[in-house]
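Please read the structure below before turning to the comments.
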Amino acid sequence: MNTSLMTARKKIVHLQLLPLMSGVQKVSLDELAQLDPTRYDRVAVCKCEGEFTERLRKIGVRVHLIPELERAISPQARRASLRRPARLLSR
(Lines of atoms letter the chains of each structure in order from A; the text may use other names.)
(Lines give C-alpha, C1' and ligand atoms only; values in the text may rest on other atoms or scores of the structure.)
Protein backbone atom coordinates (compact mmCIF):
# COMPACT_ATOMS: atom_id res chain seq x y z
CA MET A 0 0.00 0.00 0.00
CA ASN A 1 1.26 3.46 -0.88
CA THR A 2 1.83 5.20 2.48
CA SER A 3 2.27 8.63 0.83
CA LEU A 4 -1.42 8.54 -0.13
CA MET A 5 -2.38 7.72 3.43
CA THR A 6 -0.41 10.66 4.84
CA ALA A 7 -1.25 13.23 2.16
CA ARG A 8 -3.02 16.27 3.52
CA LYS A 9 -6.41 17.16 2.11
CA LYS A 10 -6.59 20.61 0.59
CA ILE A 11 -9.37 22.87 1.90
CA VAL A 12 -9.82 26.00 -0.22
CA HIS A 13 -12.03 28.80 1.04
CA LEU A 14 -13.06 31.31 -1.63
CA GLN A 15 -14.03 34.72 -0.24
CA LEU A 16 -14.46 37.69 -2.56
CA LEU A 17 -13.95 40.51 -0.06
CA PRO A 18 -11.67 40.18 2.98
CA LEU A 19 -14.00 41.97 5.40
CA MET A 20 -14.63 40.66 8.92
CA SER A 21 -18.38 40.11 9.06
CA GLY A 22 -20.26 37.16 10.50
CA VAL A 23 -19.56 34.81 7.60
CA GLN A 24 -15.85 35.51 7.68
CA LYS A 25 -15.71 35.04 11.46
CA VAL A 26 -17.31 31.61 11.10
CA SER A 27 -14.93 30.72 8.27
CA LEU A 28 -11.95 31.86 10.33
CA ASP A 29 -13.08 29.73 13.27
CA GLU A 30 -13.62 26.69 11.04
CA LEU A 31 -10.21 27.03 9.40
CA ALA A 32 -8.54 27.53 12.79
CA GLN A 33 -10.08 24.27 14.05
CA LEU A 34 -8.72 22.18 11.17
CA ASP A 35 -5.61 20.21 12.06
CA PRO A 36 -2.81 21.62 9.85
CA THR A 37 -1.06 18.23 9.87
CA ARG A 38 -4.13 16.72 8.16
CA TYR A 39 -5.37 19.67 6.09
CA ASP A 40 -3.68 22.10 3.71
CA ARG A 41 -5.67 25.25 4.51
CA VAL A 42 -5.89 27.79 1.68
CA ALA A 43 -7.94 30.95 1.23
CA VAL A 44 -8.49 32.87 -1.99
CA CYS A 45 -9.57 36.53 -1.85
CA LYS A 46 -9.75 39.45 -4.23
CA CYS A 47 -7.49 41.71 -2.14
CA GLU A 48 -5.88 42.21 1.26
CA GLY A 49 -7.92 43.08 4.34
CA GLU A 50 -8.53 42.19 7.96
CA PHE A 51 -9.71 38.69 7.01
CA THR A 52 -6.51 37.88 5.09
CA GLU A 53 -4.39 39.25 7.94
CA ARG A 54 -6.17 37.05 10.49
CA LEU A 55 -5.97 34.01 8.20
CA ARG A 56 -2.21 34.36 7.94
CA LYS A 57 -1.92 34.67 11.73
CA ILE A 58 -3.47 31.21 12.12
CA GLY A 59 -1.25 29.73 9.41
CA VAL A 60 -3.67 29.67 6.46
CA ARG A 61 -2.05 30.24 3.06
CA VAL A 62 -3.66 33.20 1.30
CA HIS A 63 -3.76 33.76 -2.47
CA LEU A 64 -4.96 37.03 -3.95
CA ILE A 65 -6.79 37.03 -7.27
CA PRO A 66 -7.73 40.61 -8.22
CA GLU A 67 -9.92 39.32 -11.08
CA LEU A 68 -12.49 37.88 -8.65
CA GLU A 69 -15.72 39.84 -8.90
CA ARG A 70 -19.43 39.52 -8.30
CA ALA A 71 -20.54 40.69 -11.73
CA ILE A 72 -20.79 37.78 -14.11
CA SER A 73 -19.25 38.22 -17.52
CA PRO A 74 -17.78 35.44 -19.66
CA GLN A 75 -14.28 36.95 -19.66
CA ALA A 76 -14.21 37.71 -15.95
CA ARG A 77 -15.63 34.30 -15.11
CA ARG A 78 -12.94 32.47 -17.09
CA ALA A 79 -10.19 34.59 -15.57
CA SER A 80 -11.49 34.20 -12.02
CA LEU A 81 -11.82 30.40 -12.34
CA ARG A 82 -8.50 29.64 -14.01
CA ARG A 83 -6.27 30.64 -11.11
CA PRO A 84 -8.21 28.81 -8.35
CA ALA A 85 -8.29 25.75 -10.62
CA ARG A 86 -4.50 25.88 -10.86
CA LEU A 87 -4.27 26.07 -7.05
CA LEU A 88 -6.41 22.98 -6.68
CA SER A 89 -4.33 20.97 -9.13
CA ARG A 90 -1.02 21.54 -7.28
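Residue numbers for the sequence shown follow numbering that gives the first Met the number 0, so the first one is 0 and each next one is one higher.
Just so you know, even glycine gets a beta-carbon here, dropped at the ideal spot from N, CA and C.
Query	Result
Return the first residue and the last residue of the alpha helix (DSSP H) that aspartate 29 is part of.	22 to 33
Suppose you measure from the CA of alanine 32 to the CA of proline 84; what does that come to, to the nearest Å?	21 angstroms
Could you tell me which uninterrupted beta strand (DSSP E) segments, each at least 3 residues in length, are contained entirely in the stretch 38 to 74, listed from first to last along the chain?	39 to 45 and 61 to 64
Assuming isoleucine 11 and aspartate 29 are in contact, meaning their beta carbons sit under 8 angstroms apart, how far apart are those beta carbons, in whole angstroms?	About 14 angstroms; that fails the 8 angstroms criterion.
Just tell me which of Glu67, Ala79, Lys46 and Pro36 has its CA closest to the CA of glycine 59.	Pro36
Apply the 10 Å Cβ neighbour rule to lysine 46 and answer buried if 16 or more other Cβ atoms are within range, or exposed otherwise.	buried
What would DSSP say about leucine 17, mapped onto helix, strand or coil?	coil
According to the neighbour-count rule (16 or more other Cβ atoms, all chains shown, within 10 Å of its Cβ), is glutamine 75 buried or exposed?	exposed
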